[in-house]
Amino acid sequence: MICHVVRLLCLCWSAKGEWNRLADMSDASGLPRPAARAEHVGAWDQQEQVLLIHAGSNLEGDLWSFDAASATWTRTMNGGSPASRALHAADWDSTNGVLWVHGGYNSQTATWFRDVWKLQFGSWSLEYNDDFAPCERQAHVAVWISGTSSLWVHGGWTGAKRLSDLWSYNTHARSWQKLEPLAPGGAPPARSHHVAAWDGVGQTLWMHGGYNDALLGDFWKLTLDASTLSWAPVSAGGGPTARSGHAGVWDATGRMLWLHGGNDGVFQRDLWRYDLVGDTW
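Read left to right, the sequence shown gives residues -17 to -1, 1 to 264 (mature numbering (1 follows the signal peptide of the UniProt record, and there is no 0)).
Below, the structure is given as structure tokens:
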């Protein structure tokens, strides 16, 4: 999940259907808090009830946690952390309490990344940085596939072209495999700045929008059935405008995909929900 926030970092959508501001970028308290940024990654740790954010456009490579109970920020400082980057991809392994991070780009040093990092118990470790791996990229998506101990990576931008490839990183074997799903109804075109989320119950990867020389508003699902992967377009009408740079999350309880914001020619702040049961936006 990628977080896109410039001025306010903590907003919460409540069950009552309203936004609540949890924290501002600055106040009179003098307490530490992250600098304003975009192009960072974030993840929610349900067990610890903290929000983690990492790196982004400020290019400090910093890691922060927001404690929901105390509404306070804490910066985690340790050696051996990833190089500063933005537009990287990450997702959360809730079973093992791990944040997985892949790729990204540092505009100050013109450095592209293809490495895999693991954050667990507040400490970073470099898990993979060898040649046989997805090429360096930014603005891609990474999704943790529960039950398979693997991180899937799709698409992105290399600086020269946009990508449509799909890779799986096995965290036990510490190895990459390129996946070649079936596509009887066609496959998603190459893209960057899109959204993806995993439905563990339905064993389905949901993917929306992005950019490839034009804004994309298409909606796709990738279904894992008896070890067979298949792409299929989703034709539910009345959904969001074509956009890129938005954020999304899967609601496992309600079986819904939530999308927020992005750029459809102008920056948006709208909130959308796709209901799987009703196949409606």
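Where a beta carbon is used, it is the ideal one built from N, C-alpha and C, also for glycine. What you are looking at is a predicted structure, and each value in this text was computed from that prediction instead of being measured.
- Between the alpha carbons of GLN160 and ASP114 lies a distance of about 13 Å.
- A check of alpha carbon separations from ALA209 across PRO164, SER90, GLY221 identifies PRO164 as the nearest.
- A Cβ-Cβ distance of about 6 Å is found for the pair GLU43 and SER67, placing them in contact under the 8 Å criterion.
- Its Cα nearest to that of VAL136, the residue TRP83 stands out among PRO65, ILE36, ASN79, TRP83.
- Assignment of beta-bridge partners to ASP182 by DSSP yields THR187.
- Of all C-beta pairs linking the region 174 to 190 to the region 116 to 132, three or more are shorter than 8 Å, placing the two stretches in contact.
- GLN121 is bridged by DSSP to TRP140.
- If the five residues before and after ASN153 are omitted, its C-beta is found closer than 6 Å to the C-beta atoms of SER133, all from its own chain and listed in chain order.
- Under the 10 Å beta carbon count, ARG20 is surrounded by 16 or more other beta carbons and is classified as buried.
- Counting only the Cα atoms, HIS177 lies some 10 Å from LEU198.
- Looking from the CA of GLY231, the closest CA among GLY63, THR263, VAL24, SER77 belongs to VAL24.
- Taking a contact as a CB-CB distance under 8 Å, the pair GLY245 and SER227 counts as one, their CB atoms being some 6 Å apart.
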